[in-house]
Every structure is written in structure tokens, then in C-alpha cells.
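Colleague: Numbers given in the numbering used here equal positions in the sequence shown, counted from 1, plus 7.
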Amino acid sequence: GIGAYRSALFHLITHALSKALLFLGAGSVIHLVEKVVGYSPKRSQNMFFMGGLRKYMPITGTTFLTGTLSL
Numbered sequence: 008g009i010g011a012y013r014s015a016l017f018h019l020i021t022h023a024l025s026k027a028l029l030f031l032g033a034g035s036v037i038h039l040v041e042k043v044v045g046y047s048p049k050r051s052q053n054m055f056f057m058g059g060l061r062k063y064m065p066i067t068g069t070t071f072l073t074g075t076l077s078l
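See the structure below:
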């Protein structure tokens, strides 16, 4: 490499935090949809049933946007 250890470490930490933010948001959405739909392996995690969640979960929508843009 070119010896940019600080830049590499910054990139590594930023990427890890962004990815963790997206995974936590996905878990939050799955948890909410499971309460609404009920537990069913075929229905509770099907993305077809998860449309329009931004109006019900605005904070999670904002965190998804932040995590996506930071990657």
C-alpha cells in the first residue's frame, strides 16, 4: 500500500458502523412486521409485505438512508 494507515482505519470503522446500522435497521423492520403479520416463515420476512414502512417507521427510514449514503 501507500502507507495511509489512518485513512484505511477510518474507512474500516466507517464501513463497519454503516453496515451495522443497516443490519440493525433490517432487524427492526423484521421485528415490526412479525408483530403485524404474525410468525410465519413464509410471510413474516417476505419483502413483498414490507412496502411503505417509511411512514410507519420514520426514524428507521432515516437510519437506512444514512447508512446507505455513508457506504
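Built from N, CA and C at the ideal position, the CB exists for glycine as well.
Predicted, not measured: the structure shown is a model, and the values here were computed from it.
Is residue 64 helix, strand or coil by DSSP?
Modeller: Residue 64 sits at position 57 when you count from the first residue of the sequence shown. Looking at residue 64 - three-state DSSP - the assignment turns out to be coil, as it is neither helix nor strand.
Colleague: Is it true that the region 55-74 meets the region 31-40, where meeting means three or more beta-carbon pairs spaced less than 8 Å apart?
Modeller: With the cut-off at 8 Å, the region 55-74 and the region 31-40 touch.
Colleague: Can you tell me where the alpha helix (DSSP H) holding residue 11 begins and where it ends?
Modeller: Position 4 of the sequence shown, counted from the first residue, corresponds to residue 11. Neither: residue 11 is in no alpha helix (DSSP H) and is coded neither H nor E.
Colleague: Quick one: grab the DSSP three-state call for residue 58.
Modeller: Counting from 1 along the sequence shown, the entry for residue 58 is found at position 51. Here residue 58 sits in coil by DSSP.
Colleague: Excluding the 5 residues flanking residue 71 on each side, which residues of the same chain have their C-beta closer than 6 Å to its C-beta?
Modeller: Here residue 71 corresponds to residue number 64 of the sequence shown, with the count starting at 1. Closer than 6 Å at Cβ, skipping near neighbours: 32.
Colleague: Looking at residue 77 and residue 14, is the spacing between their C-beta atoms short of 8 Å?
Modeller: For the purposes of this step, residue 14 is taken as the residue at position 7 of the sequence shown. For the purposes of this step, residue 77 is taken as the residue at position 70 of the sequence shown. The answer is no: Cβ separation not under 8 Å.
Colleague: For residue 29, which residues from the same chain have a beta carbon less than 6 Å from its beta carbon, with the 5 sequence-adjacent residues on both sides left out?
Modeller: As a first step, residue 29 must be located in the sequence shown, where it is residue number 22. So the qualifying residues of the chain are 74.
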